[in-house]
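Chains A and B, in that order, give the protein sequences. Its first residue numbered 87, the first sequence is counted upward by one per residue in the working numbering. Its first residue numbered 744, the second sequence is counted upward by one per residue in the working numbering. One structure below.
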Amino acid sequence: MIRAEAITKLFHDKKRGEIVAVNKLSFACKSGMILGVLGLNGAGKTTALRILATLLKPSSGTAFINNIDVVKYPDKAKAQIGFISSDTGLYRRLTPREIVGYFGELYGISRQESAIRLKEYSEILGMDDFLDTKVDKLSTGQKQKVSITRTMLHNPPILIMDEPTAGLDIVASAHIVELIRRAKSQNRAIIFSTHIMHEAQRLCDEILIIHNGMATRNGTIEKLRMETGIEDLDQIFLDSVGDLD
Amino acid sequence: MSKVWTIYRKELLDILRDRRTIISMVVIPIVLFPAMTIGFSALVSMQLKKSQAEIQKISVDGAENFPELLDRLEKAKELEVAPSTDYRLAITQKKLSAAIVIPDSADLKIQSGDSAEIDVYFDAAEVKSEFAKDKVLKILSEFADSIIAKRLETLGAKPEMLRPLPIKSHNIASEEKMSGFVLAIFLPYMIIILTMIGATYPAIDLTAGEKERGTLETILASPASRFDIAAGKFLTIFTASIITALLSVTSLTATIGLGIASFAEMGQSPIAFRMQPLAFVVLVILMIPVSCLFSSVLMTISLFAKSYKEAQSYITPAMFVVILPAMVSFIPGVELDFKLSIVPIVNVSLVAKEALMGNFRWGYLVSVFLSTALLASIAVFVAKRQFEREEVLFRI
């Protein structure tokens, strides 16, 4: 279960002064549920997700990952989270096997257990051929498979995914979508941000629309349709964003 | 601590697969110095030998004024007396190496007990011309000595009358000191700079490089704490730096040793190479806080940058901040005192110079070690703090 309680994040910029990236944002995502976060570029999605993943500290408010306070116990919270974003890269001079072994150690998983899990994911995602090839030589799709394995290695009950399909081709995107579906069936709580409306529409149980750091809509697609009287999610999004402009 | 160890091992494996790191950490200290020092000294001595062995052409203007002198010059094996109308031009055009001008009735003046001024023309910017001048001066001086001897004989006096205090100077510097002296000027600077270069690539690669490749965010999202990450990275950069320092000290010591030995063989230098093992130990111990300092400072600077290129542009000016004080070992007469022993880099350069010369002033050594260690500790602390700053990690 993920719970954000009035998280606010302020940044200080020399030229622009104080910037409110996230403004008293509250939402929740239960186990076995997918929450889609939608917003324009610069709306505060990445900042909000980075706070949940303990990469950033909120200026005020806090969030709980399976009841662990991310501000007070970031290291404990991280152990519960699988985090993937378009910015989370892989070590190009290491092989997938070495990378998985490394993160396995960091998560306190034994070598044998890491090897077993790598084998499992390798079978599911078809990675046998390149497990000992340096990441540098892998295609984008192959890298994405390794990233997924890295994210899921410690069986995290919480998945935080920041635009995980951005810049990926259709096959690589399909892997991510498949991963999200599988994770849901395994009763994990999943939160992911995207720009692709139909992806959100197909996958998400609930939608959170963020604009200027604030939540403008939050609920099931049905609820959003009722509130706005609009059928299409694209239009609901534009309406939610336009309302404040 | 186990996470620090995990990160350290992974980072080390990672940088050891980086060509740039291997080049700066291993290849440069091992290959470049022997190639540079031995290659250069071999070239120089080859040129020297060639120039010395070569027969140099000289002209003698007014030879008829002193046939006996001309005879001596013509008999000299390494010289060839050639005619010349414009000796100045001929020397400039390298047709002649030197020219001698004998004044009118020089032989008569000498016979009558008078003196005759001999002019020697040469080009000091040309090695060959310089050699020719030395040979000519030697012949002239020997000739003058023979004239003096003859005159004294006529007067019934001994040559010792003119040299009542024959002076013979004795160099009491030990072999260590002499060999160290040559090394001492050059080595501290090179070691300091190489230690910095050894830390540079890993520092950039493991911070700004990781930001650029997105792997920093990946590790920050793992259960490793910021301290674990900072410590693991710092230890990796430090390892690269200290390995570079060790290889540099060893390689340079051996190389310069061989270089000096080869000079000695050629009769260019009376110094047989030897360096006290204690100097080597002192240098290595000194380089520990220096490597710490460079590693943490370079890590902090690079962490601030968003990309590899940006980090390089920050580090270039930082290089100069180190190069200038490191060059203090080149300046003659700058002696280590208490004030200088706490000036960063300058102190290391000077104390390393002394140690190489076989001079161990333990009080200053401790002072240099402690002040550098203190500075390194501050730098490590600052580096750790940078890893806790979101605006640095994410450049928001």
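Just so you know, even glycine gets a beta-carbon here, dropped at the ideal spot from N, CA and C.
Taking all protein chains shown into account, do 16 or more other C-beta atoms lie within 10 angstroms of the C-beta of D331(A), making it buried, or fewer, making it exposed?
-> In this predicted model, D331(A) has a pLDDT of only 45, less than 50, meaning its place in the structure is not dependable enough to derive any value.
Hey, out of D866(B), D847(B), E869(B), T938(B), whose CA is closest to E860(B)'s CA?
-> E860(B) has its Cα closest to that of D847(B), out of D866(B), D847(B), E869(B), T938(B).
What three-state label does DSSP hand N109(A) in the structure shown?
-> The answer is strand: DSSP assigns N109(A) an E or B state.
Taking 8 Å as the CB-CB limit, is G175(A) close to chain B?
-> In terms of beta-carbon proximity, G175(A) lines the interface with chain B, with at least one pair separated by less than 8 Å.
DSSP-derived helix/strand/coil call for Q198(A) | In the three-state reduction of the DSSP assignment, Q198(A) falls in the helix class, which pools H, G and I.
For A842(B), name the three-state secondary structure that DSSP assigns.
-> Correct three-state label for A842(B): strand.
Excluding sequence positions up to five away, which residues of its chain have a Cβ less than 6 Å from the Cβ of D804(B)?
-> These residues qualify, in order along the chain: V844.
In chain A, which residues lie with their C-beta within 7 Å of the C-beta of G957(B)?
-> Simply D173, T174, G175.
Close Cβ partners of G1010(B) (< 8 Å) along its chain, the five nearest in sequence each way excluded = Note on G1010(B): pLDDT 49, under 50, position unreliable in the model; no value is reported.
Taking all protein chains shown into account, decide if D948(B) is buried (16 or more other Cβ within 10 angstroms of its Cβ) or exposed.
-> That one is buried.
Where does Q799(B) fall in DSSP's three states?
-> Assigned with DSSP and collapsed to three states, Q799(B) falls in strand.
Listed from N- to C-terminal order along the chain, which residues in the region 204-223 of chain A have their beta-carbon within a distance smaller than 7 Å of any beta-carbon of chain B?
-> Answer set for the region 204-223 of chain A: empty.
Span of the beta strand (DSSP E) holding D829(B)?
-> Counting along the chain, D829(B) falls outside any beta strand (DSSP E), and DSSP gives it neither H nor E.
Listing by chain order, which chain A residues have their CB less than 7 Å from the CB of R760(B)?
-> Ordered by position in chain A, the residues that pass the 7 Å Cβ test against R760(B) are R179.
Go through its chain and collect everything with a Cβ distance to L990(B)'s Cβ below 7 Å, but skip five positions before and after it.
-> Only V769, P772, I773 meet the Cβ criterion.
Name, please, each residue of chain A whose Cβ falls closer than 7 Å to the Cβ of L963(B).
-> Taking a Cβ-Cβ threshold of 7 Å, the residues of chain A close to L963(B) are L141, in chain order.
Helix, strand or coil: which one does DSSP assign to A1116(B)?
-> Here DSSP, grouped into helix, strand and coil, assigns A1116(B) to helix.
When you compare only the Cα positions, how much space is there between R760(B) and Y177(A)?
-> Taking C-alpha positions only, R760(B) is separated from Y177(A) by approximately 11 Å.
Listed in chain order, which residues of the region 152-164 of chain A have Cβ atoms closer than 7 Å to some Cβ of chain B?
-> Listed by position, the residues of the region 152-164 of chain A near chain B (Cβ gap below 7 Å) are D161, K164.
Residue range of the beta strand (DSSP E) that R89(A) falls in?
-> R89(A) -> beta strand (DSSP E) spans 88-99.
Touching by the beta-carbon criterion (3+ pairs, under 8 Å), the region 1065-1072 of chain B and the region 930-942 of chain B | Taking 8 Å as the limit for Cβ pairs, the verdict is that the region 930-942 of chain B does touch the region 1065-1072 of chain B.
Measuring only between beta-carbons, confirm whether E960(B) sits less than 8 Å from chain A.
-> It does: the Cβ of E960(B) has a partner Cβ on chain A nearer than 8 Å.
When you compare only the Cα positions, how much space is there between F1112(B) and P966(B)?
-> In a straight line, the C-alpha of F1112(B) is about 36 Å away from that of P966(B).
Proximity below 8 Å, CB of I246(A) to CB of I277(A) | Taking 8 Å as the Cβ cut-off, I246(A) and I277(A) qualify as a contacting pair.
May I ask you to report which of helix, strand or coil DSSP gives R303(A)?
-> Correct three-state label for R303(A): strand.
What residues are listed by DSSP as bridge partners for I293(A)?
-> Bridge partners of I293(A): G122(A), G305(A).
What residues in its chain sit with their C-beta under 8 Å from that of L959(B), if we drop five residues either side in the sequence?
-> The beta carbon of L959(B) sits closer than 8 Å to the beta carbons of T950, E953, L1136 from its chain, once the five residues preceding and following it are set aside; these are given in chain order.
With a cut-off of 8 Å, does the C-beta of F150(A) fall near any C-beta of chain B?
-> Judged by the 8 Å Cβ criterion, F150(A) is not in contact with chain B.
Interface flag, E199(A) vs chain B, CB-CB below 8 Å | Cβ-Cβ to chain B under 8 Å: no for E199(A).
Is it true that the region 849-863 of chain B meets the region 817-834 of chain B, where meeting means three or more beta-carbon pairs spaced less than 8 Å apart?
-> Segments in contact, no.
Beta-carbon proximity list for K95(A), same chain, < 6 Å, skipping 5 on both sides = Its chain contains A107, V108, T133, P144, S145 as the residues whose beta carbon lies nearer than 6 Å to that of K95(A), once the 5 sequence neighbours on both sides are disregarded; these appear in chain order.
According to DSSP, is F1137(B) helix, strand or coil?
-> Three-state result, F1137(B): coil.
If we ignore side chains and look at the alpha-carbon of each, how far apart do I1044(B) and A1054(B) end up?
-> When the Cα atoms are used, I1044(B) and A1054(B) turn out to be separated by approximately 7 Å.
Within the same chain, show all residues whose beta-carbon is closer than 7 Å to that of N273(A), passing over the 5 residues directly before and after it, in chain order.
-> Sequence-distant Cβ neighbours of N273(A) in its own chain, meaning closer than 7 Å and more than five residues away, are S117, G118.
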